[in-house]
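Position 401 of the first sequence, counted from 1, bears residue number 401 in this note's numbering, the numbering being contiguous throughout.
For every residue, glycine included, the Cβ atom is placed at its ideal position computed from N, Cα and C.
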Amino acid sequence: MRQSKTFIPTLKEAPNDAVVPSHVLMTRAGMTRQVAAGVYSFLPLGWRALRNVMEIIREEMDAIGGQEFQLPALNPREIWEETGRVEAFGDTMFHIKNRDYVLAPTHEEIMTYHARRVLASYKDLPQIWYQIQTKFRNEARPRSGVIRGRQFIMKDAYSFDVDAEALEKSYALHDGAYRKIFDRCGVEFFIVGASSGAMGGSGSEEFMVRSDAGEDTVAHCEKCGYAANVEVAQSKTSPKKRDAKSAAVEEIHTPNVRSIDELCEFLKIDETQCAKSRVYVAGDEPVLVLMLGNEEVNEAKLEGALGKAVRPGHAEELKEITGADAGSIGPVGFKGRVVADERLKDANNLYSGANKNDYHLGGIDLKRDVEKIEYADLRFALAGETCVSCGATLDVFTAIELGHIFKLGTKYTEALGANYLDENGSEKPIIMGSYGIGVERILACFIEGSHDEHGIVWNRALAPFDVHLLGLNMKKPAVAETCEDVYRRLSEAGYSVLYDDRVDAQAGFKFKDADLLGMPVQVVVGERNAKEGKLEVKVRKTFERHDAPIADVEKEAAAALAKV
RNA sequence: CGGGGCGUAGCGUAGUCCGGUUAGCGCGCCUGCUUUGGGAGCAGGAGGUCGCGGGUUCGAAUCCCGCCGCCCCGACCA
């Protein structure tokens, strides 16, 4: 494609609103433009890259027997009422004002609508149906460019099976296809397993990629692949050892000491000798939570342990419940349920609040001094701790969710009456699986992980073009003629070529633009080289470059592309 | 939805606190000449409802009131 005739509006400076690298670079490289918060246009270059992603997805979905659909974004609200999801989505769903339609945020309903009464027999199953289309969600806060938008392209697939065993097969097919898709796209993914209770399903996997622009914090073990959201992640930690002898409880006057740090400073003790108290309210019941030292309470784990939702107690409540303000609260004499982190199991000689302002207690023995204490894992796994499944060191970082597969079950088929007749003639609901991929996220995520100070660094699979051909001074006949020849030959050899044939751009300008756009290989034709029958071949990723005979350009391109 | 920040030419910005020239600068854009291997030089030029509406004032980008939009942090995320 001739750059002089192609719309690639590059920007030297980053727009003020772009913050994360992928957003900055996609804007600067002329791939995308923002239209509103969370709404983006894909310009020709960005669309080419996005089409590459979609084509990879399409090939792998077709390879497992998937059949592509084109479904409406405009859905009758009625269908969504049948599954109760108008209410479930709430404000996240866009509603049309002058017609009883909604903009589809996903397509379980429509796919199931097509399945019902048509997939009538066990002979019609299994089926894998998918689509690659725009979805709409009224996100409260769109952010990070196309990573969280109000309108975004999603590949979603649905499997329809006769029973749980058959669903396992469909699920496994998708699991395999997803690994291939992300591998081919060149993103380094890992998998977080989880149970998806709210969806009524029995199992799920999230395909995540490490990224500073990520919205989830996960613990990950590189050695064995263990990965989990920090809200549920576990790690092996050493409990505080019980001393042979328990000291007597002593009351200590600690004026103005309110935090563990201040307590340690005041008493010249280590924080591992302290038990931090936090008061939560679970339902109507006050619960005192004890953590070793200054560790943070993992509220998700606390809710899991208590089996109900919790909230931190208000400042006024604390005084009423404990007799003291935050900073002087402790387990001894606490009237109510006491739950301590496992690291404190049977610990003694601890310091904690006295439930009396400006006083702490020393010599606390949880076994001796706290009646009916319970223990549970209530902490966050931290980077550097030990993996529970293999003993290697855990890493904790933020990540972006690119894909999610889960065993859905019969939630939608039952709600919409999508049943089939089995071999015995008895009617049963179809078992579904649901499998999503955020298409733009793959692109953004790839760029997050593959760029340098000059711009984007594409791999072959996603690059909008294989080769960027630069004619340095197009007014010189030797350069122009060589470029035309090379452009024709590379194209005929099957490479997609972006040809910078602009006559008014200086050499340096073209180099900067090419580095920003980031095609894997640059072929540079300058006047001196051209007259000697040579050109320059540069690998964008490494900046490795060398001169080569013009006659060898096809071979040279192949060799350079093999390096990316 | 809570907290914070911002809105001046296509992009980046100065000016706003303390009202008073024709709203300034860099990049980009147009014309001409020169230049041509790492975002060129000179000369000339075009481009602005200062986010919108109302108010105060002789006079508002600047002060006051209301609204809108965008970004960031948090909450939320089937």
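Three-state secondary structure assigned by DSSP to residue i
i, result
"E285", "strand"
"T217", "strand"
"D163", "coil"
"L366", "helix"
"M199", "Reliability of the predicted coordinates at M199 is poor, the pLDDT of 42 falling under 50, and no value is obtained from them."
"Y435", "strand"
"I269", "coil"
"S4", "helix"
"C387", "coil"
"L119", "coil"
"L535", "strand"
"L378", "coil"
"V257", "coil"
"G508", "helix"
"L498", "strand"
"F189", "strand"
"F543", "coil"
"H114", "helix"
"G449", "helix"
"A557", "helix"
"Y412", "helix"
"C274", "strand"
CB of residue i within 8 Å of CB of residue j, strictly
i, j, result
"V539", "V564", "yes"
"A381", "A233", "yes"
"R184", "I56", "yes"
"E205", "I405", "yes"
"Q127", "S159", "yes"
"A157", "Y435", "yes"
"M1", "L469", "no"
"L490", "A558", "no"
"A213", "S22", "yes"
"P239", "E342", "yes"
"G449", "V187", "yes"
"M31", "L43", "yes"
Alpha-carbon spacing of residue i relative to residue j, whole angstroms
i, j, result
"A228", "G203", "14 Å"
"G323", "G313", "13 Å"
"N298", "A505", "57 Å"
"E371", "D346", "12 Å"
"G336", "A376", "17 Å"
"S454", "T413", "Note that residue 454 is His in the sequence shown, not Ser. Straight-line Cα distance between these residues: approximately 51 Å."
"A560", "K411", "52 Å"
"F136", "A104", "6 Å"
"G518", "D547", "20 Å"
"V553", "V486", "7 Å"
"R258", "Y359", "10 Å"
"L516", "W47", "17 Å"
"G200", "E59", "Note that G200 scores 43 on pLDDT, short of 50, meaning its location in the model is unreliable and no value can be drawn from it."
"Y351", "E303", "26 Å"
"G417", "T83", "10 Å"
"V24", "A14", "6 Å"
"A190", "L394", "In the sequence as presented, Ala is not what sits at residue 190; that position holds Phe. Approximately 14 Å, taken between the alpha carbons."
"L288", "K301", "15 Å"
"P549", "T542", "21 Å"
"M167", "S426", "Here the sequence assigns Leu to residue 167, which means Met is not the residue at that position. Their Cα atoms are separated by approximately 19 Å."
"A164", "A172", "12 Å"
"W458", "R150", "26 Å"
"K12", "D175", "41 Å"
"Q34", "G508", "28 Å"
"G307", "V439", "37 Å"
Delimiting residues of the beta strand (DSSP E) encompassing residue i
i, result
"I550", "Run containing I550: none; DSSP gives neither H nor E here."
"D341", "R337 to D341"
"H352", "Here residue 352 is Ser; the residue named in the question, His, does not match the sequence. Residues L350 to G353."
"F397", "D395 to G409"
"Y420", "N419 to L421"
"P429", "E427 to P429"
"L469", "V467 to G471"
"P520", "First-last for P520: undefined, no H or E at that position."
Extent of the continuous alpha helix (DSSP H) to which residue i belongs
i, result
"K236", "Looking at the DSSP string, K236 is not in any alpha helix (DSSP H), and its letter there is neither H nor E."
"A305", "E299 to L306"
"R528", "E527 to K531"
"Y487", "P477 to E492"
"R28", "P21 to R28"
"L574", "This structure does not reach residue 574, given that the chain is present from 1 up to 564, and the question cannot be answered."
### Those runs of the beta strand (DSSP E) which lie wholly inside the stretch 32 to 112 and span at least 3 residues
32 to 36, 39 to 42, 74 to 76 and 101 to 103
### Query
Where in the stretch 135 to 186 do unbroken runs of the beta strand (DSSP E), each at least 3 residues long, occur, reported from the N-terminal end onward?
151 to 161
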